[in-house]
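Okay, so the sequence shown: first residue is 5 according to this note's numbering, each after it adds one.
Cβ coordinates follow ideal geometry from the N, Cα and C atoms, glycine included.
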Amino acid sequence: MTDRPNPASVLELAGRLATLLAARPAGLITDIDGTISRIAARPEAAVVEPEAIAALAELSRQLELVAAITGRSAEEAARMLAVPGVVVVGNHGLERLDLSGLSVADAARPHMEAIAAVMRELADQPPALGLVFEPKGASGSIHFRGATDPGAARAAILRRLEPLAARHGLRVTEGRMVLELRPPVAIDKGSALRDLVALFQLRSVVMLGDDVTDVDAMRALSRLRDAGGLAGCSVGVLAAETPAELLAAADVVIDGVESTVALLRELAQAGRHEEERA
């Protein structure tokens, strides 16, 4: 990250966002890792902050939509959240899990076998030590945070991964200390956000995220807002590895997961106060 912007005051921002969400139907959409869960050395060790879970549960009662859009599989994300009222969009938009069950994008299904095969081939002869391979059905992740030299590990993974992906017609994308293997389809967190806005006929949206994959959702929200009829705000969550693209896409930034938790708590409390006045 280059120039680190000054993070917003959580209390002031909560007031602004509560006013924005007064345009109903309203939705709050959040990423998970690095946003409401601290980054862990291994993906299975990450835990969503308990106060964030409580606030999301309260907000899901107050708002027409509370959703998580994440790179994790939808089922794993739902297990981490444990909030029945939250809609979970997993695998960067390729899956959705709600009260009607789990659905996988039809366009992704033909590529799932190839993704699994590439992930197995990489894991059988890992190009570096300390890697974590995470097959997720509709996508796959290779985490190199635990490598002795993450930069060298990234380069070694790419040398093996890119020709394998090209052979199977798959895409390679990046996040914070992770490389992603995805199907060659025009589905991402941006298309997922647009789908949710349309499905729930939202008039206002708050989006929270910390990584380059969240930029797709932030840009989609900006375009919807510019087109008119939707009030929206993208909140970037700062960390040591915050990508420059996120700083450019976010409308406002806050300082770390603890600020996200405080913001969600303040929004839930503002909603309760509004109900008491009504």
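Write down the C-beta distance between residue i and residue j rounded to the nearest angstrom, noting that I regard them as a contact closer than 8 Å.
i      : j      : result
Ala235 : Arg198 : Not quite, the Cβ-Cβ distance comes to about 16 Å (not below 8 Å), so this is no contact.
Arg186 : His96  : 7 Å
Ala272 : Glu62  : 4 Å
Leu69  : Leu268 : Wrong, their Cβ atoms sit about 15 Å apart, outside the cutoff.
Gly38  : Ala252 : Actually they are not in contact, since the Cβ atoms of Gly38 and Ala252 sit about 17 Å apart, beyond 8 Å.
Report the partner residues of residue i according to the DSSP bridge assignment.
i      : result
Ala72  : Thr34 and Val92
Ala235 : Ser208
Phe291 : The requested residue 291 does not occur in the structure, where the chain is confined to residues 5 to 282.
Ile258 : Val241
Val51  : DSSP output for Val51 lists no bridge partner at all.
Thr177 : Glu184
Ser107 : Arg100
Gly213 : Gly240
Ser13  : Beta-bridge pairing links Ser13 to no other residue.
Ser263 : Paired residues: none, contrary to the question.
Ser41  : Asp37 and Val52
Taking 7 Å as the threshold (C-beta atoms), are residue j and residue i in contact?
i      : j      : result
Met123 : Phe148 : no
Ile40  : Ala56  : yes
Glu99  : Val90  : no
Val52  : Leu85  : yes
Ala82  : Leu101 : yes
Leu67  : Cys237 : no
Ala274 : Ala22  : yes
Ala120 : Pro139 : yes
Ala59  : Ser208 : no
Ala151 : Ala127 : no
Val136 : Arg46  : yes
Ile2   : Met211 : Examination of residue 2 is not possible in this model, given that the chain is present from 5 through 282 alone.
Gly94  : Met116 : no
Ala257 : Pro54  : Before going on, a small fix: residue 257 reads as Val here, not Ala. Going by C-beta atoms, Val257 is not nearer than 7 Å to Pro54.
Asp259 : Pro11  : yes
Whose C-alpha, out of the options, is nearest the C-alpha of residue i?
i      : options                           : result
Ala266 : Leu174, Val241 and Ile191         : Val241
Gly134 : Ala156, Ala121 and Ala272         : Ala156
Ala254 : Gly213, Ala243, Pro131 and Leu21  : Gly213
Glu125 : His115, Ala169, Leu103 and Pro154 : Ala169
Ser145 : Arg276, Val210, Glu184 and Pro188 : Glu184
Ala44  : Met211, Val239 and Val261         : Val261
Gly233 : Gly75, Ala27 and Pro9             : Ala27
Pro130 : Arg65, Ala142, Leu206 and Leu165  : Leu165
His172 : Arg281, Pro88, Phe204 and Ala118  : Ala118
Glu249 : Arg269, Met222 and Leu268         : Met222
Gly19  : Glu280, Glu270, Arg281 and Leu103 : Glu270
Pro114 : Leu174, Leu69, Val256 and Pro9    : Leu174
Glu245 : Glu278, Pro154 and Arg281         : Pro154
Pro247 : Asp220, Leu106 and Ala202         : Asp220
Pro188 : Glu278, Ser143, Ala49 and Gly105  : Ser143
Glu48  : Glu80, Val239 and Glu280          : Glu80
Thr264 : Val239, Arg276 and Glu279         : Val239
**Asked** Three or more beta-carbon pairs under 8 Å between the region 190 to 209 and the region 9 to 18, yes or no?
**Response** no
**Message:** Under 8 Å, with one C-beta from each stretch per pair, do the region 168 to 184 and the region 202 to 219 reach the 3-pair mark?
**Reply:** yes
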